[in-house]
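Q: Sharing a structure below in structure tokens format, with a few things to ask.
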Amino acid sequence: MADKHMSNLDPKDLETQLLGMQEEIENLTIANQSFWSLLVNVSKKMQVSSAVIKASVSSLLSNDILWDGSTQNELLEIIDSSSNQLSRQVMLLTILSKIESESLSLKSEPNDIQEILSISLGIVGRNYPEIFSVKPAAIKSGRPVIVDYEYLSIALSLLLEFIVETEKKPQDLTITTIELEDHWVIGISELSKDCINMLLNVFDLETDLIYQHQSLLPTKKIMLYVIKNIFELQSIQIENCLEIGKPTCISLKIPAANT
Amino acid sequence: MKEKSILLVSDELNLLRTLRRNLISRGYEVSVALDDKEASHFISSLDTSLFIICLDFETVELNGLEIIREIREKSEAPIIVISAVGSENLKIEALDFGADDYLVIPFGMEEFLARVRSALRRWSSQMADHQIEENIMIFGKLHIYTNIHQVNVDGKKIHFTPLEYDLLYFLAQNRGRVVTHRELLRKIWGPEYGDEREYLRVFISQIRKKIEIDPASPVHIVTEPRIGYRFGSDDYLK
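Residue numbers (our numbering), protein chains in the order written: chain A, 1 to 259; chain C, 1001 to 1238.
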């Protein structure tokens, strides 16, 4: 029966199908290798952060030297910064595993966008106290947005941290919110052309291809992969503002609740 | 040559900060390099007596092993490698490229500082030996007369075959440093060798019988399991 069925197929079609499948397997293999090599890189980064904590703690505990107050503060600040880095990597890997196992469930419900934005700005401000102190322009809250409060706060703060770590002058950033007919827009302005191109390019890619992006560091790839997935699951779009004459700005369109 | 000048190479700022602070507080002079270009600048312009390199660069274009190779081309000062990877292969590769010691993350500051002291002690002892006497190497009761290829133990001349002498001399020249099996085989037997570890076992055993008081507990030629041999333990070098 199978032979009869096979004999009806054109050998050329079969060959084309086979070549297509081979190409698909090769692409999947490359994506799989990129994914695992990304995990190896990030886990090495995490090991280095935990080593810094151990080295700094053992320095503070050492008996052969009496540290002065400012050096003690410096070592404590290093421990604080490394443990923040470590927590962020752990959080990213946790969300990444949920995305990969398709078990990331978002609870989309009406929320106040101003509140979520100020939570995210607060997180970034705490992590980068010397270079980031942006506050959104005070606007009265309007209609709620339909999003998952926790995950949108995470994605927004990750996006802002990515920008702060990429931009040469992050202190110049300005953030605005505008309510439109069926959505809210968060505008992030005074970005460099490189940063805008990088973000738009990555958000345009198939998610699996982010792993293979050549000019991004491993930790940044995971950040953007997580942000993109959270945004997509909540139908949030990222766009440039060229059309409205603002070449240094990107905007996030967030669906609002129907009145 | 500044005796306590150290170059730290890593792209991890917090690692650099904590190591630098500890070293400076103990009187070392410390420079830092974030990548290969900065490292290259320092290698050419500084009299560094110890290099410390973290191999785990986040950028894939940066290869720590290549930095080790570049340092080795320009300096004989000791190199300590730090890495999160504790695999035997990478350790051997780093040592083959010219590193002297390998410290796996995580480590306590006491251990790190002990390795630094040990590397600098070996380096200054090497520098002093070069200046005092170029024709004789003295290790307790073991004397190697390099101009006449003669070995004496406790004042008595010991017969050494040319190959045994070359092996002992090469290890003694690199005292304190782990020399890998491959490096020894290539240096003594030739570049086509590398996997014949049994040769080494035989020759090292013969040499130990001639120079060690107790060949079963050697103090001159110490085995670094699965990696190679080190001439002189740290205690011996003090």
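Cβ atoms here follow ideal geometry from the backbone N, Cα and C, with glycine treated the same way.
I'd like to know whether the C-beta of D1056 (chain C) is nearer than 9 Å to at least one C-beta of chain A.
A: yes
Q: Under 9 Å between C-beta atoms, does G1242 (chain C) make it to chain A?
A: Here chain C comprises residues numbered 1001 to 1238, so residue 1242 (chain C) is not present and cannot be evaluated.
Q: Do you know whose CA, among A:G122, A:L104, A:I222, lies nearest F162 (chain A)'s CA?
A: A:I222
Q: Can you give me the Cβ contacts of K246 (chain A) inside the same chain, cut-off strictly under 8 Å, excluding the 5 residues immediately before and after it?
A: G187, S189
Q: Answer with buried or exposed for L75 (chain A), where buried requires no fewer than 16 other C-beta atoms within 10 angstroms of its C-beta.
A: buried
Q: Would you report the Cα separation of A257 (chain A) and P110 (chain A), rounded to the nearest angstrom?
A: 7 Å
Q: Mind reading off the beta-carbon distance from L1015 (chain C) to D1036 (chain C)? Whole number of angstroms is fine, and I expect it under 8 Å.
A: That pair is no contact at about 17 Å.
Q: Would DSSP call W67 (chain A) helix, strand or coil?
A: W67 (chain A) falls in the coil class under three-state DSSP.
Q: With L1008 (chain C) as the anchor, note down where its alpha helix (DSSP H) starts and where it stops.
A: First-last for L1008 (chain C): 1005–1009, but that is the beta strand (DSSP E), not the alpha helix (DSSP H).
Q: So, for S1075 (chain C): in the same chain, excluding its five sequence neighbours on each side, which residues have a beta-carbon less than 8 Å away from its beta-carbon?
A: I1043, T1048, F1051
Q: Measuring straight from C-alpha to C-alpha, what distance separates V42 (chain A) and H213 (chain A)?
A: CA-to-CA, the gap between V42 (chain A) and H213 (chain A) works out to about 15 Å.
Q: What are the boundary residues of the alpha helix (DSSP H) that includes Q33 (chain A)?
A: 11–61
Q: Please report the distance separating the alpha-carbon of L1142 (chain C) from that of I1105 (chain C).
A: Their Cα atoms are separated by approximately 37 Å.
Q: Just curious, the beta strand (DSSP E) that Q1206 (chain C) is in, first and last residue?
A: Here Q1206 (chain C) belongs to no beta strand (DSSP E); instead the alpha helix (DSSP H) covers 1197–1211.
Q: Between which residues of its own chain and Y1193 (chain C) is the CB-CB distance below 7 Å, once the five residues before and five after are set aside?
A: L1185, R1186
Q: Return the residues of the region 1094–1112 of chain C that lie within a Cβ-Cβ distance of less than 8 Å from chain A, sorted by chain order.
A: From the region 1094–1112 of chain C, only I1105, P1106, F1107, G1108, M1109, E1110, F1112 have a Cβ closer than 8 Å to chain A.
Q: Quick check on the DSSP output: the beta strand (DSSP E) that includes T176 (chain A) runs from which residue to which?
A: 174–179
Q: Would you call G1232 (chain C) buried or exposed, if buried means 16 or more other Cβ atoms sit within 10 Å of its Cβ?
A: Within 10 angstroms of the beta-carbon of G1232 (chain C) lie 16 or more other beta-carbons, which makes it buried.
Q: Going by the CB atoms, is the gap between D1096 (chain C) and T1223 (chain C) shorter than 9 Å?
A: The answer is no: Cβ separation not under 9 Å.
Q: Using a Cβ cut-off of 7 Å, pull out every chain C residue sitting near N84 (chain A), in sequence order please.
A: Residues of chain C passing the Cβ test: none, with the nearest at roughly 10 Å.
Q: Could you give the distance in angstroms between the alpha-carbon of T1018 (chain C) and the alpha-carbon of S82 (chain A)?
A: 11 Å
Q: Determine the chain A residues that contact T1059 (chain C) at a beta-carbon separation under 7 Å, and present them in chain order.
A: The contacting residues are L217.
Q: Tell me which same chain residues have a C-beta within less than 7 Å of the C-beta of L1090 (chain C), skipping the five on either side of it?
A: S1083
Q: What residues in its chain sit with their C-beta under 8 Å from that of E1111 (chain C), if we drop five residues either side in the sequence?
A: Excluding sequence positions up to five before and after E1111 (chain C), its CB lies within less than 8 Å of the CB of L1103, all in the same chain and listed in chain order.
Q: Note the first and the last residue of the continuous beta strand (DSSP E) segment covering V1032 (chain C).
A: 1029–1033
Q: Can you give the Cα-Cα distance for S70 (chain A) and R1021 (chain C), rounded to whole angstroms?
A: 11 Å
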